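Structure first, commentary second.
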Amino acid sequence: MPKLTRSGSPAPVLHDPRLNDPAQELVRTGDLAPADLESVLEVLESMRRWRQAERENREASQRYMRLGASDMRALRMLIAAGNQKLPMTPSAMAGQLGISAASTTKLLDRLERGGHVVRRAHPDDRRSLVIEVTEETRHAARATVGREHARRFDVIAALSPEQRRTVADFFDAMAATAERDAV
Numbered sequence: 562m563p564k565l566t567r568s569g570s571p572a573p574v575l576h577d578p579r580l581n582d583p584a585q586e587l588v589r590t591g592d593l594a595p596a597d598l599e600s601v602l603e604v605l606e607s608m609r610r611w612r613q614a615e616r617e618n619r620e621a622s623q624r625y626m627r628l629g630a631s632d633m634r635a636l637r638m639l640i641a642a643g644n645q646k647l648p649m650t651p652s653a654m655a656g657q658l659g660i661s662a663a664s665t666t667k668l669l670d671r672l673e674r675g676g677h678v679v680r681r682a683h684p685d686d687r688r689s690l691v692i693e694v695t696e697e698t699r700h701a702a703r704a705t706v707g708r709e710h711a712r713r714f715d716v717i718a719a720l721s722p723e724q725r726r727t728v729a730d731f732f733d734a735m736a737a738t739a740e741r742d743a744v
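Under this note's numbering, think of the first position of the sequence shown as 562, with each following residue one higher.
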């Protein structure tokens with residue numbers, strides 16, 4: 562029986578190349594035994610569920626903190642820098658986030674207006690500023706994104722060293738496929 566969407570209509574199956582690439586123009590499934598193909602499809606479906614859960618959690622965190630994706634990325638970086646006692650300047654932020662100085666200024670203005678960050682004089686260079694996350698935002702981030710990260714850490718820690726190596730190799734190989742496509 563096909564899966565249904567929230568509206569009750571049938572949902573298309575996204576990850577089964579037997580349905581989406583029956584001529585095997587992109588995905589060669591004929592080399593796999595039926596049980597192996599089912600196993601591959603199970604992994605793909607698990608990845609889909611995990612990405613969906615990640616997206617829903619990220620969107621919930623953004624709604625809770627009333628921030629966009631780039632703002633959340635900036636806060637995560639600023640929190641990490643603060644935890645490591647690394648002063649974060651606007652130019653360092655721009656480099657880390659891969660955005661222009663003008664975009665960084667707009668992002669910081671938005672975060673400052675929202676009460677998420679403060680600009681302070683750099684402790685070693687009075688001509689420069691450092692950006693710090695407010696305590697209220699730090700606590701809110703810990704309660705949402707931090708707690709989620711801790712749960713993921715626990716799942717990974719429960720694996721054997723061999724399983725962790727397999728999972729890390731898998732994600733590295735998956736990342737390499739995306740890197741090749743980006744070229």
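Note that CB positions come from ideal geometry on N, CA and C, so glycine has one too.
Bear in mind the structure is a predicted one, so any value in this text is a computation, not a measurement.
Of the residues Thr590, Leu639, Asn581 and Asp730, the one whose Cα lies closest to the Cα of Thr695 is Leu639.
Separation of Gly675 and Glu697 (C-alpha to C-alpha, rounded to the nearest whole angstrom) is 11 Å. Where Glu586 is concerned, there is no enclosing beta strand (DSSP E), because DSSP gives it neither an H nor an E. Gly659 and Pro651 have their C-alpha atoms roughly 12 Å apart. For Pro578, same chain residues with a beta-carbon under 8 Å away, outside a window of 5 residues either side, are Gln585, Leu587, Val588 and Thr590 in chain order. Burial check for Met649: the Cβ neighbour count within 10 Å reaches 16 or more, so the residue is buried. The beta carbon of Asn618 is closer than 7 Å to those of Glu709 in its chain, skipping five residues each way along the sequence.
For Val706, same chain residues with a beta-carbon under 6 Å away, outside a window of 5 residues either side, are Ser622 in chain order.
Here Ala682 is bridged, per DSSP, to Leu690.
With contacts defined by Cβ atoms closer than 8 Å, Glu693 and Gly643 form a contacting pair. Each residue's CA atom was taken as its position, placing Leu647 and Val604 some 39 Å apart. With fewer than 16 neighbouring CB atoms inside 10 Å of its own CB, Val716 falls in the exposed class. No Cβ-Cβ contact shorter than 8 Å links Leu690 with His700.
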